[in-house]
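*Asks:* One structure, as structure tokens, below. Some questions next.
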Amino acid sequence: MSKFTHIARSNRLKNAGGCYPDALPYATTLAILLAKLAKVDVKTRPAITVVALFMWLTGNWRVINKPSDIPDFVKISGASPCRQYAFRNYNDGTVSWTEYARECKDKNKTTYLWQPIPTYLNQFFRTFITEKTYHIPFLTLKAKTTLFELMSKPWKTPNKLQSQPRVRKDSLQNYFIKCAQADNTLGAIVREQLIVDHQAHHRSAMYYQQLNSDRIRYKLFEAHNRYLSRLIDAARNAKFHSHFELYLKGFSLNLIKELTKKADYLSQPGEISQFELDTTQSGINKKRIPAILIGSRRSLDDNDVSHFFQKLHNLVEDAKKSISVKGPSKKSSSANQAALRDYYNKATYRIALLFIVLAGARPTHGISILSDYYSGGDITFIKDKGVLRQLILCDYLKQEIEHYLSLQSVIRTQLNIHTKLDELWYTCNQNNVPIALTCRGLRLFMHQLWPGVVPYQLRHFYCHCANTHMFSDKLFDNDIDRLMGHENLGERLGSDRLSPRRFALMKDYLNMLPQRLRLKEFIYV
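Okay, so the sequence shown: first residue is -18 according to the working numbering, each after it adds one.
If you want it as structure tokens, here you go:
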């Protein structure tokens, strides 16, 4: 296999919608880890087990190179603000639940928010946290050394597990990252919170999307539960019950047998709120912390976008009327030619802006379809970042392009234009010479109708619509990546495949966009 082929295949495997890791080999290696933890000295075993499992859950073993790198995890009060390496038990009145401080990444800003521990681990963590003293680190340096050696030394497979498949321990440590990469329902922002930066498959995808922290908390909680359930189910089917025991000082818990009922605040549909105890007044009150927005700040409101395109429609319509007022066309009439050019150029800007908002084209790269690749069908191509990118056109946009091309044919005849460009649409200068559209020109034109907003924000809006699409079958993450043109080597034109069902689903979504924006048909000639 060539290097090119290997990289292409690797990229496809990392994309959302790929295969999840085979659960049984990972369950076997997890059983080996739990067996090693069970042999630790009884006094430090609960704390070492908690830290080992937590760092596995959060994928932090990759940055541990020596015992002192293991963080000083502590218990803090429910009235204290969330901070790095903190744990707490929160009781909403139904079931007490352990929460940990999660680093929330948003561009260059980091915030720490409370995240509930997965359901399978809650009883073990809750019991351990309850017995801990506030602000005292879980592990001493000696205990850290014990844990570091346990994680660093080779893991031999116990005789009872010799017949079972297993993975390397470093693969086990990356289990949640591999699941997050394959999960087709997470969304780019949530996936970015689960995996390390350099392993994000499409690094810019999250900056087109927006979620609030309560929604992110819910999706992370559900994802962790799904990924753990795969291992627990595989262990249950393989009858690993005796290998999935977690030990506290006075008793033990079996991960396969135990499943705690969720607290009410974790059972609300779609969101999990964050609370803090307020002790400033008499008694103790639970104060809800407002959610924060993560991701794109450049998306636009539906009504604002709809209003903009209505203004644009009226502008082009007025330009059309100004021609008919001047009487019949005369080639010798410079005034009439100027009016024709003005009308045509405004129509060109309109079709380019429709192309961005309805097809997701990048205004800084491919503002126009390439003439050689346009056939009037559902599929077309643009030159995007130096490579051909496939686009799906909705029925409304196809119709508008046909109307525009009819106008272009008339204008070329009226203005005696013979030069052709690679682009399907273009403007004309005062000398009636075709000029390719530029991002700057489009931006200046848009500024006249919508000051302070740039064409690229229409692409952000396009992604926002895809993420909030609820009218038919849900779009999966790899569908949105395809619509946005987020692709790496091995996923580009000629390397990927699109099933008829997924194509039909995306086409249905695209056909809903003009209705959502209340766009009107414009007949140019």
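Glycine residues also receive a C-beta, built at the ideal position from the N, C-alpha and C atoms.
From L227 to L234, what distance separates their C-alpha atoms?
*Replies:* Their backbone Cα atoms lie some 5 Å apart in a straight line.
*Asks:* Taking the runs of the beta strand (DSSP E) that are 3 residues or longer, which of them lie wholly in the stretch 301 to 369?
*Replies:* List check, beta strand (DSSP E) in window: 360 to 365.
*Asks:* Which partner residues does F256 have in the DSSP bridge list?
*Replies:* F256 is bridged to R269.
*Asks:* Using the Cβ count rule (16 or more neighbours within 10 Å means buried), how would you classify S313?
*Replies:* Reliability fails at S313, whose pLDDT of 45 lies under 50, so the model's placement of it is uncertain and no value is given.
*Asks:* Give the range of the beta strand (DSSP E) segment to which K517 is assigned.
*Replies:* What the structure shows of the chain is the stretch from -18 to 506, and residue 517 is not part of that stretch, so it cannot be assessed.
*Asks:* With DSSP run on the structure shown, which of helix, strand or coil describes S58?
*Replies:* If DSSP states are grouped into helix, strand and coil, S58 belongs with coil.
*Asks:* Among Q191, S387, R463 and E383, which one has its Cα closest to the Cα of H441?
*Replies:* Ranking the options by Cα distance to H441, first place goes to Q191.
*Asks:* Report yes if the C-beta distance between F54 and P118 is below 8 Å; otherwise report no.
*Replies:* Yes, the pair counts as a contact, with Cβ atoms nearer than the cut-off.
*Asks:* In whole angstroms, give me the CA-to-CA distance for K108 and M465.
*Replies:* For the sequence presented, residue 108 should be read as Thr rather than Lys. Straight-line Cα distance between these residues: approximately 46 Å.
*Asks:* Select from V76, S152, N72 and R83 the residue whose C-alpha is nearest the C-alpha of Y7.
*Replies:* Comparing Cα-Cα distances from Y7 to each of V76, S152, N72 and R83, the minimum goes to S152.
*Asks:* Would S352 be called buried (16 or more neighbouring beta carbons within 10 Å of its own) or exposed?
*Replies:* S352 is exposed by the Cβ-count criterion.
*Asks:* Find the nearest neighbour of A376 within the set Q496, A33 and S390, judged by alpha-carbon distance.
*Replies:* Reading off the sequence, residue 376 comes out as Asp, not Ala. It is Q496 whose Cα lies nearest to the Cα of D376.
*Asks:* Within a Cβ cutoff of 7 Å, which residues of the same chain sit near K366, ignoring the five residues on either side of it in sequence?
*Replies:* If we look at K366 and ignore the five residues flanking it on each side, its Cβ neighbours are H346.
*Asks:* Secondary structure at T126, three-state DSSP: helix, strand or coil?
*Replies:* Reduced to three states, the DSSP call for T126 is helix.
*Asks:* To which residues of the same chain is K311 closer than 8 Å at the C-beta, ignoring the five residues directly before and after it?
*Replies:* The predicted model places K311 with a pLDDT of 48, which falls under 50 and marks its position as unreliable; any figure quoted below should be read in that light. So the qualifying residues of the chain are N317.
*Asks:* Could you check how far apart the C-beta atoms of L131 and P48 are, in whole angstroms? I think they sit under 8 Å.
*Replies:* With 8 Å as the limit, L131 and P48 do not qualify as a contact, their Cβ atoms being about 11 Å apart.
*Asks:* Can you tell me whether E468 is helix, strand or coil according to DSSP?
*Replies:* Coil at E468, not helix or strand.
*Asks:* For I373, list the residues DSSP reports as bridge partners.
*Replies:* I373 is bridged to I360.
*Asks:* Measuring straight from C-alpha to C-alpha, what distance separates K364 and R463?
*Replies:* Approximately 15 Å, taken between the alpha carbons.
*Asks:* Grouping DSSP H, G and I as helix and E and B as strand, with all else coil, what is N155?
*Replies:* It is coil, neither helix nor strand.
*Asks:* Return helix, strand or coil for E203, following the three-state DSSP convention.
*Replies:* Helix at E203.
*Asks:* With a floor of 4 residues, list each alpha helix (DSSP H) that falls wholly inside the stretch -10 to 40, ordered by position along the chain.
*Replies:* DSSP runs (the alpha helix (DSSP H)) wholly in the stretch -10 to 40: 4 to 19 and 26 to 39.
*Asks:* For a minimum of 4 consecutive residues, which ranges assigned as the alpha helix (DSSP H) are wholly contained in the stretch 386 to 447?
*Replies:* The qualifying runs are 420 to 430.
*Asks:* Could you tell me the alpha carbon to alpha carbon distance between G308 and Y490, rounded to whole angstroms?
*Replies:* Annotation note: pLDDT 48 at G308 (below 50); position unreliable, coordinate value reported separately. C-alpha separation (whole angstroms): 43 Å.
*Asks:* Using DSSP's beta-bridge definition, name the partner residues of R69.
*Replies:* Its beta-bridge partners are E80.
*Asks:* Which word fits E502, buried or exposed, when buried means at least 16 other C-beta atoms lie within 10 angstroms of its C-beta?
*Replies:* Exposed, by the Cβ-count rule.
*Asks:* Can you list, in chain order, the residues of its chain whose CB lies under 7 Å from that of D245, leaving out five sequence neighbours each side?
*Replies:* The residues are D73 and T75.
*Asks:* Once DSSP output is grouped into helix, strand and coil, what is the label at Y526?
*Replies:* Outside the shown range of the chain, which is -18 to 506, sits residue 526, and nothing can be said about it.
*Asks:* Pull the bridge partners of T91 from the DSSP assignment, please.
*Replies:* According to DSSP, T91 bridges with K86.
*Asks:* Find out if the Cβ-Cβ distance for the pair N165, D403 is shorter than 8 Å.
*Replies:* Against a cut-off of 8 Å, the Cβ pair of D403 and N165 comes out as no contact.
*Asks:* Return yes when the Cβ of Q174 is within less than 8 Å of the Cβ of L201, no when it is not.
*Replies:* Yes.
*Asks:* Could you give the DSSP three-state label for P118: helix, strand or coil?
*Replies:* Residue state, collapsed to three classes: coil.
*Asks:* Quick check: L142 and A33, are their CB atoms within less than 8 Å of each other?
*Replies:* No.
*Asks:* Between the alpha carbons of L396 and A320, how many angstroms are there, rounded?
*Replies:* C-alpha separation (whole angstroms): 11 Å.
*Asks:* What is the DSSP secondary structure of L494, counted as helix, strand or coil?
*Replies:* In the structure shown, L494 sits in a helix (DSSP, three-state: H, G or I).
*Asks:* Shortest alpha-carbon distance to L212 belongs to which of F362, L102, V414 and C446?
*Replies:* If we check each option's Cα against that of L212, L102 comes out closest.
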